[in-house]
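Participant: Taking my numbering, the leading residue of the sequence shown gets 5, the next gets one more, and so forth.
Note that CB positions come from ideal geometry on N, CA and C, so glycine has one too.
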Amino acid sequence: MSHIAYVNGRYLPQRLAQVNIEDRGYQFADGVYEVMCIWNGVPADYAAHVVRLNRSLKELRMAAPASDGALRLIIQEVVRRNLVEKGTVYIQVNRGVSPRAHPFPSPNVKPSLIVTAKHGAGPPESVAEAGVKVIALPDLRWKRCDIKTVGLLPNTLAKQAASEAKAFEALLHLDGTVTEASSSNAWMVTPDKTIVTHPTTNSILGGVTRATVIKIARDAGYEVEERAFTLKEALKAKEVFLTGTTTFVMPVVQIDEQTVANGSPGTIALDLRQRYRAYMDSLTEAAWNA
Ligand code: PMP
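(1) Quick one: is the Cβ of residue 213 within less than 8 Å of any heavy atom of the ligand PMP?
(2) Nearest CA to the CA of residue 278: which residue from 244, 184, 224, 63?
(3) Check whether the region 84-93 touches the region 115-125, taking contact to mean three or more Cβ pairs, one atom from each stretch, closer than 8 Å.
(4) Using only alpha-carbon positions, find the residue among 16, 189, 13 that is nearest to residue 232.
(5) Is residue 257 closer than 9 Å to residue 217 when the C-beta atoms are compared?
(6) Is it the case that the CB of residue 120 approaches a heavy atom of the ligand PMP more closely than 8 Å?
(7) Which same chain residues end up closer than 7 Å to residue 349 when comparing Cβ atoms and leaving out the 5 residues on each side of it in sequence?
(8) In angstroms, rounded to a whole number, what distance separates the CA positions of residue 75 and residue 97?
(9) Going along the chain, which residues of its own chain have a beta-carbon closer than 7 Å to the beta-carbon of residue 210, five neighbours each way excluded?
(10) Could you check which residue in 276, 249, 242 has the C-alpha nearest to that of residue 268?
(11) Taking the DSSP output, what are the residues bridged to residue 117?
(12) Any idea what DSSP makes of residue 104, helix, strand or coil?
(13) Which value, in whole angstroms, describes the spacing of the CA atoms of residue 246 and residue 30?
(14) What are the boundary residues of the beta strand (DSSP E) that includes residue 14?
(15) Between which residues of its own chain and residue 115 is the CB-CB distance below 7 Å, once the five residues before and five after are set aside?
(16) Hey, residue 234 and residue 182 are a contact pair by Cβ (cut 8 Å); roughly how many whole angstroms apart?
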């Protein structure tokens with residue numbers, strides 16, 4: 005039997021059901037979900053799942069895709085069309101479809117709603133009769149910022165907070181240490197003109213621009229240190245700047261309500277921006293084979 009999926013107002017054979025490639029669930033993991041167990045054709049703990057779904061939506065300031073009543077009718081219809089007696093229903097709500105950008109899209113963008121169903125719930129009794137083995141692992145959820153994954157929900161929330169504060173970026177810190185920014189790497193210049201940026205650990209994305217700027221800076225005779233620095237140091241720094249593929253080198257003149265140095269772009273940041281720009285301008289066809 006072919007499965008029937010509900011996607012944004014339509015019931016479709018599951019193999020034909022699609023979401024847009026600019027859906028934020030796909031590009032940013034900007035979505036929430038629930039899985040309900042269906043037993044004898046009815047859901048277990050329905051109200052608790054709906055409460056948790058609405059809580060997840062609220063926590064992410066995402067609009068509900070349907071009223072509770074409409075959602076129940078959709079779920080019932082998916083269970084009915086798939087003839088599920090014992091199985092599961094999967095519900096996913098994404099923030100919606102909008103050209104890729106970290107901050108939330110316009111409130112006019114409607115959340116996406118996907119509901120699918122599966123037959124069969126849980127492993128067979130024989131598995132429980134034998135019991136199962138587990139392995140112990142450090143809880144890394146999610147401490148692998150070095151991987152350029154599409155699991156960008158925390159980054160989008162940080163960027164949204166920056167947008168709402170009329171700021172260009174959010175400088176992220178962990179236990180007082182600046183790691184990076186929501187979509188760029190963070191740098192500071194000490195009073196003795198040493199350029200400092202966080203080392204490439206699990207705590208930051210190793211920016212390609214970061215590596216290029218380190219090389220450009222060293223070639224230009226600057227001292228560059230790859231070490232962690234605190235937010236306190238950044239607030240007292242001579243300069244602070246950001247780097248990224250679409251940011252190039254961006255001087256930071258204000259952190260929260262405090263200016264960086266005298267509140268003007270730093271000379272080293274501007275020099276590096278110009279040198280980076282010169283590097284970009286020097287690119288030729290050979291760049292394809294670099
Ligand atoms: N950190 C984060 C979290 C990013 O998303 C990005 C780029 N988008 C960067 C740093 C900068 O990396 P790159 O210079 O490779 O663009």
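Facilitator: Checking against the coordinates, here is how it stands:
(1) Yes, the Cβ of residue 213 comes within 8 Å of a heavy atom of the ligand PMP.
(2) Of 244, 184, 224, 63, the residue nearest in Cα terms is 224.
(3) Judged by Cβ distances under 8 Å, the region 84-93 makes contact with the region 115-125, as three or more pairs qualify.
(4) That would be 189, whose Cα lies nearest to the Cα of residue 232.
(5) No; because the gap between Cβ atoms is not below 9 Å, this pair is not in contact.
(6) For residue 120, the shortest separation between its Cβ and any heavy atom of the ligand PMP does not lie below 8 Å.
(7) The shown model of the chain, from 5 to 294, leaves out residue 349, and the question about it has no answer.
(8) Distance between the alpha carbons of residue 75 and residue 97: 11 Å.
(9) Closer than 7 Å at Cβ, skipping near neighbours: 150, 204.
(10) Answer by Cα proximity: 242.
(11) As a beta-bridge residue in DSSP terms, residue 117 pairs with 97.
(12) Here residue 104 sits in coil by DSSP.
(13) About 27 Å.
(14) Secondary structure note for residue 14: its beta strand (DSSP E) is the uninterrupted segment 14-17.
(15) Close CB contacts of residue 115 within its chain, under the 7 Å cut and outside five residues either way in sequence, are with 66, 67, 69, 97, 98, 99, 100 (chain order).
(16) The Cβ separation is near 7 Å, so the contact holds.
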